[in-house]
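Here's the structure, in structure tokens; my notes come after.
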Amino acid sequence: MQSPNESSWQVPVYALHLVDPGLSPSHRAQMSKLRHEPFSQIAAWGNIKEKARFESVPQVARSSRMVRFVAFVAAATLAGCVCASIDDVINSLKLPLTSEKLQKDITLPALKIHAKVLQSFADKSNGTRVFGSKGHNASVDYVATIAKLAGYDVKRQTFPYDFSQVLSQSFTAGSPINISVMTYSPSTPTGGVTAPLVLIPDPDAAPSPGCTAADYSGIDVKGKIALIQRGGCTFAIKATNAKTAGAAGAIIYNNVNGTLSGTLGVPDATAYAPVGGISKADGESLVARLNSGAVTGTLNIQTLNEQRYSSNVIATSKAGNQSNIVFIGGHLDSVAAGPGINDNGSGSITVLELAIQLAKYKLKNAVRFAWWTAEEYGLVGSEYYVANLPEAERKKIALYINLDMVASPNYVYAIYDGDGSAGKNPGPTPPGSGAIEKVFVDYLASKNISSVPTSFDGRSDYGPFIAEGVNIPAGGLFTGAEGIKTSEQQKLFGGTAGVAYDMNYHAKGDTYDNLNFTAFLVNAKASAHAIAMFVQSTEVVEKEKAAAGLAPRQFAPGPNDNAPAQGKHLCVGDLA
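Structure representation (structure tokens):
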């Protein structure tokens, strides 16, 4: 079991400068002295940071607002205040927010710097940022430190969870076949298991093979390798039924084009057969061979399953209406197989850069940013957050925007189908989600960019927010994963039809070079537009909820013009 804060990696000081490109030379010099300091020391660094926060207001803005600042201090003095809140002072000097301004602040060089930083963390961590690894811990420290320096109230939500790592994997059946081991799969015996393959059962006879014990009735799989089609139930149920029937291993083949990877959800070495996923094409080839005769395979899976600590990072603005929170997040972890710079470095980077750039503006509604942990293990971080969110706090959240994979190399511009018009959502989405979708659709249309809906299929961190009983309106952007681009999509977005949106999805090749920077910047600016709009007003979301017959949320009216909660106090003279 690892400590939650084992990382003592160094801060890339050039990245910290992104928090405020306008830092004074003296404070920049002081910050530069920290290039050899661990994150923990920088996080505790106080005096320079507080002064830097004041100076984070652009020079022009400081000059043009000096009269306002003097009036602020004078009013506080006349009111009998000995000291004014430092947050009051800083926020009184911030700029009015518009969508155009925030979009302009989002630049490709800044996004690239963050991507290079995350890549460097993976490079020093055996090529991965999987939760519980040094690469992920460094990523957590990175976003938490920058968010803190940008002036947000930052909390780490740390909890233990079960870690799983594939040490080695292979599957051969006459020739090697690419396999992806399911998260939490147990190991085969050292050296693997060589045994006949058995189809469980014929997919034509059972549309959900392997989902019940009856599927194994009359079939001898003891000591053999079960070949099972995806669909009808969870991977865990399939692996459990295979183990119960005596199978030495299980292979699940996809029911749609593309490779197959997934998770068993929770670790239970005694319940599951060692299991991995293969593509539809490879699976159908094996089925055809089995229909013609016997097929023998060798399955070798070696895994590490243990408990580790991990952390969500939650950053909330100190300004804006704390009873009407605009929430945006993305998961920060990768799979064990690769660095995850698209999945989901691209989304978490966009969230971070939005936090940095939004810090200099006035906010009517509060904004909360989240970098979720262990999404690749089954939305663990976001599930934990929502499960531990008191009802009173949940009611303060106006909406949630999710960014997961927004720079796929063979991209589409996909927007979560909040209004359900595409008819592919597995269930109803919370009212208000359609309004979020429309903001994104209209923005891209205004830039002459086409978009397509993508279903709320439960594969990312919006899931816990839209779940029954939580019902927080949600939306977001997505550029595609292992799915195959159609010819119709090629006409809309370019790229290559018949090829996966991300050929390196959940693989070693999901590096900095895997990013499509055109899609990255478009989606980052679209996110900036949405955040700017909702920070100003969530009325369109509330109107849709009212039209659906929901009672309006009861929340306190927001403070006037960006007034923050009371924070550290600054006495007259402290700015000298």
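With the numbering used here, you'll find the sequence shown wraps up at 1351, consecutive numbering, no jumps. Note that beta-carbon positions come from the ideal geometry of N, C-alpha and C, so glycine has one too.
- Within 10 angstroms of the beta-carbon of ASN1200 lie 16 or more other beta-carbons, which makes it buried.
- The beta-bridge partner set that DSSP reports for ARG1328 is empty.
- Setting aside the 5 residues that flank it on each side, GLN1004 is surrounded in the same chain by PRO978, PRO984, GLY985, ILE1027, TYR1028, ASN1030 and GLY1058, each with a C-beta closer than 8 Å to its C-beta; the list follows chain order.
- Counting along the chain, HIS1304 sits inside the alpha helix (DSSP H) bounded by residues 1292-1311.
- Taking 9 Å as the cut-off, the beta carbon of LYS1300 is found no closer than this to the beta carbon of PRO871.
- Rounded to the nearest whole angstrom, the C-alpha separation of LEU1107 and LEU886 is 15 Å.
- Nearest to LYS1318 by alpha-carbon distance, out of ILE1224, ASN1223, PHE1292 and GLY1209, is GLY1209.
- For LEU1133, the enclosing alpha helix (DSSP H) covers residues 1122-1133.
- Spatial neighbours of VAL1227 in its own chain (CB-CB distance under 8 Å, excluding positions within 5 residues in sequence) are listed in chain order as VAL1187, TYR1188, ALA1189, ILE1190, GLN1264 and LEU1267.
- Counting only unbroken stretches of 4 or more residues, the alpha helix (DSSP H) elements lying wholly within the stretch 1221-1277 are 1238-1241 and 1262-1268, in sequence order.
- Between GLU1257 and ALA1275 a beta carbon distance of about 5 Å is seen, short of the 8 Å cut, so the two are scored as contacting.
- Taken through DSSP and simplified to helix, strand or coil, ILE952 comes out as coil.
- In this structure, ALA1141 lies away from THR873, with their beta-carbon atoms at least 9 Å apart.
- Between the alpha carbons of ASN1119 and PHE1292 lies a distance of about 14 Å.
- At a cut-off of 3 residues, the continuous stretches assigned as beta strand (DSSP E) that sit fully inside the stretch 960-999 are 968-975.
- When rounded, the separation of the alpha-carbon atoms in PHE1231 and LYS1093 is 31 Å.
- Distance from the CA atom of PRO1042 to the CA atom of ASP937, rounded to whole angstroms, is 7 Å.
- Taking the Cα positions, THR1229 is about 12 Å away from VAL1216.
- Cβ contact annotation for LEU1154 (same chain, cutoff 6 Å, sequence separation greater than five): ASP1236 and GLY1238, in chain order.
- Excluding the 5 residues flanking it on each side, VAL1050 has same chain C-beta neighbours closer than 6 Å at MET957, SER960, ALA1014 and ALA1025, in chain order.
- With fewer than 16 other Cβ atoms from the protein chains shown falling within 10 Å of its own Cβ, THR1045 counts as exposed.
- The C-beta distance from ILE1076 to THR963 rounds to 5 Å, short enough to meet the 8 Å contact threshold.
- Where HIS1281 is concerned, there is no enclosing alpha helix (DSSP H), because DSSP gives it neither an H nor an E.
- The three-state reading of DSSP puts THR1038 in strand, counting E and B together.
- Separation of LEU1164 and THR1286 (C-alpha to C-alpha, rounded to the nearest whole angstrom) is 34 Å.
- Taking the Cα of ASP916 as reference, the smallest distance to any Cα among GLN940, ASP880 and ILE1089 is reached at ILE1089.
- In the DSSP assignment, ASP937 falls within the beta strand (DSSP E) that extends over 928-947.
- By the neighbour-count criterion, in which a residue is buried when 16 or more other Cβ atoms sit within 10 angstroms of its Cβ, ALA1294 is buried.
- GLY926 sits buried, since 16 or more C-beta atoms from the chains shown fall within 10 Å of its C-beta.
- Taken through DSSP and simplified to helix, strand or coil, TYR1084 comes out as strand.
- Between the alpha carbons of SER1121 and PRO884 lies a gap of roughly 13 Å.
- Spanning the alpha carbons of GLY1251 and LYS1283 requires a straight line of approximately 26 Å.
- Secondary structure of ASN1066 (DSSP, three-state): helix.
- Under the 10 Å beta carbon count, ALA989 is surrounded by fewer than 16 other beta carbons and is classified as exposed.
- Bounds of any alpha helix (DSSP H) do not take in TYR1175; it lies within the beta strand (DSSP E) bounded by 1172-1178.
- Around the beta-carbon of PRO951, fewer than 16 other beta-carbon atoms lie within 10 Å, marking it exposed.
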